[in-house]
Amino acid sequence: MNNNKRIAKNTLMLYFRMLLIMFVSLYTSRVTLKALGITDYGLYNVLAGSIVIFSFINNSLATATTRFITFHLNEKNTDNIKNIFSTSVHIHLFISLIVIILSELIGIWGINNILNIPTDRIFACNIVFQIVIFSAVTSILQSPFGALIISNEKMNIYAYIGIIDALSKLIIALLITITPYDRLISFSILQFIAASSIFFFYYYYCKQTYSSIFYISKKKNYKLIKEMLGFSSWNLLGSTAIMLKNQGVNILINIFFGPAINAANGIAYQVNSAVFQFSNNFTTAINPQIIKSYAANDKERMKNLIIRGGKFSFFLLTFLTVPIIAETNYLLTLWLGEFPAYTITLTRLVLFLTLIECFNYPISCAIQATGNIRNYQIIISGMNLLIFPFSYISYKLEAPPQTALTISLSISFCLLFIRLYFIYKQLGFSPFIFFKEVYCKSFIILAICLPIPLFISTHLDESLLRLFITTATALIVNTFIIYKIGLSIDEKKYVINSIKNKLQIKK
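Following this note's numbering, the residues of the sequence shown are numbered contiguously, the last one being 1444.
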């Protein structure tokens, strides 16, 4: 199978996964919110987020593991891949131990002395925190196996696991509605059981499928450990920035505004998570090809993948974000019934943030492929690190909850142009081409497509009919404008030929 067909096949598998997971997850959130209530839903959101603070190093190492395995897969060096996989397992075991120690020493103190928790829920939150720690450890240990699957581009398995995970969360949500025990504690226990089941599935599949490289040595390769940690150390800076930007701000929201606004923030990010998968599936399929193109020294193909990755990610996102932004209030009412204050504002801001940040992923993947990530991470992460202190100062000055997202939007917009510098500096690609083909076309399309659904939603009464009209109009306008403005001549020809082939029309 050639590379383009592989990308197409993997993307289709991931979209099948995404559509099913999106609908299941949104319904699961509705059931969970009603079962737990706004306060407990917000508390679980902030407790689970607190663990992420202690396990953020895992994100940087997972990226390194995927990069190292993918790079050496292109060289077809089985021994190197075996050593990389074994070493990554050892490192993740060590990270798990660190997470447990830090969580027990700092996390418990934070729950009882810093977080804004109702007095009658402190005991339950302490128990939940212990369970969440082990859920997080399970996810950390799962990372090397997930990296092995993605590096081998087995997106069908990745899709099936995601579907199983989503369905298990729905079953959990339904079970806690009938449990006679504390629902928050029951919810966390069932989440741990689900996470453990997924881990064992990953482990068993990798052991059976990749038996030639599934090797966990008792002897540690300290040279490779140093190399992987050295690569991860700069990614660690990026993970720290993202952790503070998301979970750090979530804790600030709890301290200054309480668990109800945590619930609103959690709902906003739940919507965003469903929407983000719409474009992330495309980048997940394309990223291994970016790394392999660099390893094969095929710079022209790499450039085209980066441009199309950024552009098409944005286009795909607009199909969902435009109607959601226009109909946020009505969609949230249909989905949840009642929802906390600020949910509408936070949801819209998070969606705008995702639109801006989607350009980042193919560029970051390309920089990761070079292995020279030091300067990139210092500057990009340094800018993102400013979000947390700026948000804290703003909240101390009695700014509203959405201020942190406004700050994040401003910084992310500035980073768009800083990334253009690294495209030129490290990859030798013209920043003007990327600016013209990706940024300009994307923002022009958004500027044309968004006002029309907004006009409809503000001039018609809320109803299913208005939702249908708004959504249909957005899809038609988006499709037309993207085709006319967003696609190159070659891309238009490809679309037309693909449609003709599907309809079996011969010239």
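The C-beta atom is built at its ideal place from N, Cα and C for all residues, glycine as well.
Buried versus exposed, by CB contacts within 10 Å (16 or more), residue i
i: Asp878; result: An answer regarding residue 878 cannot be provided, because it is not within the stretch 938 to 1444 covered by the chain.
i: Ile1393; result: buried
i: Asn1089; result: buried
i: Pro1390; result: buried
i: Ile1171; result: According to the sequence shown, residue 1171 is Trp rather than Ile. Answer is buried; the Cβ neighbour count reaches 16.
i: Lys1429; result: exposed
i: Ile1262; result: buried
i: Val1432; result: exposed
i: Lys1444; result: Below a pLDDT of 50, predicted positions are generally treated as unreliable, and Lys1444, at 47, falls in that range; no measurement from the model is reported.
i: Asp1427; result: exposed
i: Lys1378; result: buried
i: Gln1214; result: buried
i: Asn1434; result: exposed
i: Ile1442; result: Residue confidence for Ile1442 is low, a pLDDT of 47 falling below 50, so the modelled location carries little weight; the figure read from the coordinates is stated next. With fewer than 16 other Cβ atoms within 10 Å, it is exposed.
i: Gly1044; result: buried
i: Lys1248; result: buried
i: His1396; result: exposed
i: Pro1337; result: exposed
i: Lys1156; result: exposed
i: Leu984; result: buried
Secondary structure of residue i, DSSP reduced to three states
i: Tyr1152; result: coil
i: Ile1422; result: helix
i: Asn1234; result: coil
i: Pro1225; result: helix
i: Lys1443; result: A caution first: Lys1443 carries a pLDDT of 46, below 50, which makes its placement in the model unreliable, though a value can still be read off. In this structure, Lys1443 counts as coil in the three-state DSSP scheme.
i: Tyr1118; result: coil
i: Lys1248; result: helix
i: Lys1429; result: helix
i: Ala1278; result: coil
i: Ile1310; result: coil
i: Glu1264; result: coil
i: Lys1240; result: helix
i: Asn1093; result: helix
i: Cys1302; result: helix
i: Phe1213; result: helix
i: Phe1289; result: helix
i: Phe1008; result: helix
i: Phe1219; result: helix
i: Phe960; result: helix
i: Phe1296; result: coil
Which listed residue (the options) has its alpha carbon closest to that of residue i
i: Ser987; options: Ser1023, Leu1039 and Pro1326; result: Leu1039
i: Ile1413; options: Val1259, Tyr1332, Cys1062 and Thr1220; result: Val1259
i: Leu980; options: Arg1004, Ile1064 and Val1026; result: Ile1064
i: Phe960; options: Thr1395, Tyr1159, Leu1253 and Gly1099; result: Gly1099
i: Leu1404; options: Ile1315, Glu1264 and Leu1334; result: Glu1264
i: Leu1000; options: Ser1025, Ala985, Lys1240 and Leu1010; result: Strictly speaking, residue 1000 in this sequence is Thr, with Leu absent from that position. The option with the nearest alpha carbon to Thr1000 is Ser1025.
i: Ile1293; options: Ser1328, Phe1219 and Thr1255; result: Thr1255
i: Leu1077; options: Phe1129, Leu1397 and Ile1043; result: Sequence inspection shows Ile at residue 1077; the Leu mentioned does not correspond to that position. Of Phe1129, Leu1397 and Ile1043, the residue nearest in Cα terms is Phe1129.
i: Leu1401; options: Leu1271, Pro1326, Phe1380 and Phe1350; result: Leu1271
i: Ile1370; options: Lys1240, Phe1325 and Ile1281; result: Lys1240
i: Pro1081; options: Ser1349, Ser1210 and Met1165; result: Met1165
i: Tyr1159; options: Asp1398, Lys1333, Pro1338 and His1027; result: His1027
i: Lys1163; options: Pro1338, Thr1002, Lys1106 and Gln1339; result: Thr1002
i: Ile1243; options: Trp1046, Ala1233, Asn1224 and Leu1257; result: Asn1224
i: Ser1349; options: Leu1286, Leu1387 and Gly1308; result: Leu1286
i: Leu1364; options: Phe1417, Tyr1329 and Asn1234; result: Asn1234
i: Phe1168; options: Val1375, Gly1308 and Tyr1118; result: Gly1308
9 Å Cβ cutoff met for residue i and residue j
i: Asn1202; j: Ile1190; result: yes
i: Met1320; j: Ile1355; result: yes
i: Ile1317; j: Ala1178; result: yes
i: Leu1342; j: Leu1283; result: yes
i: Pro1326; j: Gly1246; result: no
i: Ile975; j: Ala1205; result: no
i: Leu970; j: Arg1058; result: no
i: Asn1053; j: Phe1276; result: no
i: Phe1219; j: Leu1253; result: yes
i: Leu998; j: Ile1037; result: no
i: Ile1281; j: Asn1266; result: yes
i: Glu1041; j: Ile1070; result: yes
i: Cys1302; j: Ile1188; result: no
i: Ile1086; j: Tyr1139; result: yes
i: Leu1111; j: Val968; result: yes
i: Phe1008; j: Ala1200; result: no
Note down, one range per segment and in chain order, each alpha helix (DSSP H) of at least 4 residues found wholly within the region 1131 to 1202.
With a minimum length of 4 residues, the continuous alpha helix (DSSP H) runs that stay inside the region 1131 to 1202 are 1159 to 1180 and 1186 to 1194.
Contiguous alpha helix (DSSP H) assignments of at least 4 residues, all confined to the region 1349 to 1427:
Runs found: 1368 to 1371, 1378 to 1386, 1388 to 1396 and 1401 to 1418.
Uninterrupted alpha helix (DSSP H) stretches inside the region 1015 to 1067 (no shorter than 4 residues)
1015 to 1039 and 1045 to 1050
At which residue ranges does the region 1323 to 1347 contain complete alpha helix (DSSP H) runs of 4 or more residues, listed in the order of the chain?
Taken in chain order, the whole alpha helix (DSSP H) runs of length 4 or more contained in the region 1323 to 1347 are 1324 to 1333.
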